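Undergrad: Here's a structure for you.
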Amino acid sequence: MLWLLTACTGGDANRFQAYLTQEGAYRIGPRDLPTLRDPERIRGALGNAYAGGVLDIDFQTYEITYIPGRDLQVQYVVQGGIAKPLDRDGLILFSFYGHLEDARDSLDAAGVDVSPLFPVSIGVTPAVPQLDLALMPVENAAYAPSANAFILLDDLEDREVPLAANAGVVTHELGHGVFHLLTSGDTYAPKPFDVLGPAANGVSSLDEGFADMLAALVTNDPDFISASWDMPERDVSGEQTSAAVPEEFGVPLPENAQDVTFYDPYPLGSVFAAVAWDVYESTGDRDATLVLITSAVEEWAAREVPVQDQLSEEEALITAYRWLGVLEEIGTPEQSAAVCESVGFRFAGHIELDACI
Amino acid sequence: MHLIFATALAAEPELNRADLGVNAGLAATRSSTGNHRVDPALGLWARKGFGAAFGELELGFVTNADPVPGGTLRRNVYRSALLVGWRGGLRPMHVGFAAGLAASVVTGNDVMALQPGVRFRSDLHVPVGDRSMLVFHTGLTSRGRGADADVGLGWGLRW
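Those protein sequences? They're chains X and S, same order as listed.
Under the numbering used here, residues 3 to 359 are what the first sequence spells out, in order.
Under the numbering used here, residues 0 to 158 are what the second sequence spells out, in order.
Structure, rendered in structure tokens:
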């Protein structure tokens, strides 16, 4: 039955139709969004969304800024207390906010405090004045560190589950925010590691890997991206090893030449993420694994950031791998054993942890 | 020379006749994110001349579909508009400009909403024979805090 309203919004909704997921399977259905104060504009305790705006990057400092755009106007009709969007973009926006709520709640429940991240800005298809960025074939939900903003872009192809409605992808992007918070201590601070230095490639892989770890653990789906994108190489329960990372991506090691500009952080990032998934599978304790990986990032950054300028180039190059050592060092005996076993397999021939020998 | 502004032809019976036409084209309709997506659009219009001025009733339709889990989410926008305008130009070819009230009914996801607004339309009428014409138009219709835009090519009849 159709309901006719003289405005697309209005009416009090207590539930919101959105993409719902359970271990990788998606459906459309109603859900609560308790922190969403203004559903028409997507504004709430977690953040405020804007249509457009300007996303800019300073290529000298790699600092990203986001200037908010105009108010959104989600078009929905309230039927039986449920806000039903008239178009898929409305479903995506409710879903994005909902996935953000779920991820925050899961991390809170596990004992990982991500409250300093909120509220965030959510920029929907902002303008990108930098020509070389604007022409890149980018489709994604993204997190812009130092601007503390999520950026939602259109999918280049039609997908049943758009990236911005994929719970794992949203959690992955939140993971970048958590990584930035843990390593810099301030959501609006610049990236703490030299983005053009010898540690940059490894750190960016660890950043991507950490985001995948969070996404896989929070959604309990190691292959979370496959609902939107067929990328078996990103399934963190797979057989990824550093030895299998294609040579052209130059695994950060002293014997490999490094190209910061064209480095692809994902292949090695998936190996890092797979270690965390191994620990979870071995221990069966998801919350403890979440606490372990976040504590390890915090501790690793506390050790590495202050001394990064004092390291030789070879030492700096393997900065990211020392996170594995911290993981083993601060874990429970059961977790540490799992880390040793996993690193022994996944980084065979490249990295050996002293404590595991 | 036939460069005569239609305002000077208010008394000419030709300009007081009615036109009826259909058109097809593209419409960029605003979504919840504020983005516009472009889809095929259809339209129907009826115009009654009063010298250089005219009144027009216009209907438009645009549809789009997106895959979602378990099926397809189809959104339809049905637009009606009541416009008044003025026309002028090289007789009998002429351009018209019109503005008026619009009401868009949007259906999708098993719900429907009525969104009032205003519409602006400009068109170019090119006579083809005695009673028919090619019509190229562009239009802009407000809907909520945003607007839809459309362009189209159509065929009209005069009697």
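Backbone N, C-alpha and C define an ideal beta-carbon position, used for all residues, glycine too.
Everything numeric in this text was worked out from a predicted model, so none of it was measured.
Should leucine 176 (chain X) and alanine 278 (chain X) be called a contact, given that it needs their Cβ atoms to be closer than 8 angstroms?
TA: no
Undergrad: When the Cα atoms are used, what is the spatial distance from leucine 183 (chain X) to aspartate 196 (chain X)?
TA: 16 angstroms
Undergrad: DSSP state of histidine 136 (chain S), grouped into three classes?
TA: strand
Undergrad: Do three or more CB pairs link the region 154-165 of chain X to the region 185-201 of chain X at distances below 8 angstroms?
TA: no
Undergrad: Quick one: what does DSSP say leucine 270 (chain X) is sitting in, helix, strand or coil?
TA: helix
Undergrad: Check whether the Cβ atoms of serine 344 (chain X) and leucine 270 (chain X) sit closer than 8 angstroms, and answer yes or no.
TA: Cβ atoms of serine 344 (chain X) and leucine 270 (chain X): not closer than 8 angstroms.
Undergrad: State yes or no: is the beta carbon of aspartate 80 (chain S) nearer than 8 angstroms to at least one beta carbon in chain X?
TA: Strictly speaking, residue 80 (chain S) in this sequence is alanine, with aspartate absent from that position. False, the Cβ-Cβ gap to chain X never drops below 8 angstroms.
Undergrad: Looking at tyrosine 99 (chain X) and leucine 155 (chain X), is the spacing between their C-beta atoms short of 8 angstroms?
TA: no
Undergrad: Relative to the alpha-carbon of valine 105 (chain S), which residue among S:Gly59, S:Leu19, S:Phe96 and S:Arg120 has its alpha-carbon at the smallest distance?
TA: S:Gly59
Undergrad: Report buried or exposed for aspartate 149 (chain S), applying the criterion of at least 16 other Cβ atoms within 10 angstroms of its Cβ.
TA: Under this definition aspartate 149 (chain S) is a buried residue.
Undergrad: Does the CB of leucine 74 (chain X) have a neighbour CB from chain S at under 8 angstroms?
TA: yes
Undergrad: Mark isoleucine 66 (chain X) as exposed unless 16 or more other C-beta atoms lie within 10 angstroms of its C-beta, in which case mark it buried.
TA: buried
Undergrad: Check each candidate in S:Ala80, S:Val134 and S:Gly138 and name the one with the smallest Cα separation from arginine 91 (chain S).
TA: Here residue 91 (chain S) is proline; the residue named in the question, arginine, does not match the sequence. Selected option, being the one with the closest Cα: S:Val134.
Undergrad: Once you ignore the five residues that flank valine 273 (chain X) on each side, which residues in its own chain have a CB closer than 6 angstroms to its CB?
TA: Gln242, Ser244 and Arg348
Undergrad: Below 9 angstroms on C-beta distance, what does proline 39 (chain S) contact in chain X?
TA: Listed along chain X is no residue with a C-beta nearer than 9 angstroms to that of proline 39 (chain S); the closest approach is about 16 angstroms.
Undergrad: Compare the C-beta of phenylalanine 18 (chain X) with all C-beta atoms of chain S and state if any pair is closer than 8 angstroms.
TA: no
Undergrad: For a cutoff of 8 angstroms on Cβ pairs, would you count lysine 193 (chain X) as touching chain S?
TA: Contact with chain S is absent for lysine 193 (chain X), since none of that chain's Cβ atoms lies less than 8 angstroms from the residue's Cβ.
Undergrad: On the DSSP letters alone, give me the boundaries of the beta strand (DSSP E) that valine 1 (chain X) sits inside.
TA: Past the edges of chain X, shown from 3 to 359, lies residue 1 (chain X), and the structure says nothing about it.
Undergrad: With a threshold of 8 angstroms between beta-carbons, can isoleucine 153 (chain X) be considered close to chain S, or not?
TA: no
Undergrad: Can you tell me the Cα-Cα spacing of asparagine 34 (chain S) and threonine 127 (chain X), whole angstroms?
TA: 8 angstroms
Undergrad: Using a C-beta to C-beta distance shorter than 9 angstroms, which residues of chain C count as neighbours of asparagine 108 (chain S)?
TA: Absent from the structure: chain C. Protein chains present are X and S.
Undergrad: Under DSSP, the alpha helix (DSSP H) around valine 345 (chain X) begins and ends at which residues?
TA: 335-348
Undergrad: Are the C-beta of aspartate 356 (chain X) and some C-beta of chain S separated by less than 8 angstroms?
TA: Any Cβ of chain S closer than 8 angstroms to the Cβ of aspartate 356 (chain X) would place that residue at the interface, and such an atom is absent.
Undergrad: Does isoleucine 359 (chain X) come out as helix, strand or coil in the three-state DSSP assignment?
TA: coil
Undergrad: For a contact defined as C-beta to C-beta under 8 angstroms, what are the partners of leucine 139 (chain S) on chain X?
TA: Going along chain X, no residue has its Cβ under 8 angstroms from leucine 139 (chain S), so there is no contact; the nearest lies around 17 angstroms.
Undergrad: Identify whether arginine 236 (chain X) lies in helix, strand or coil by the three-state DSSP scheme.
TA: helix
Undergrad: Just to make sure I have the definition right: I need the residues of chain S whose C-beta is within less than 9 angstroms of the C-beta of arginine 236 (chain X). Which are they?
TA: None at all; the shortest Cβ gap to chain S is about 20 angstroms.
Undergrad: With respect to the beta strand (DSSP E) encompassing histidine 124 (chain S), which residues constitute its N-terminal and C-terminal limits?
TA: Per DSSP, histidine 124 (chain S) belongs to the beta strand (DSSP E) from 110-127.
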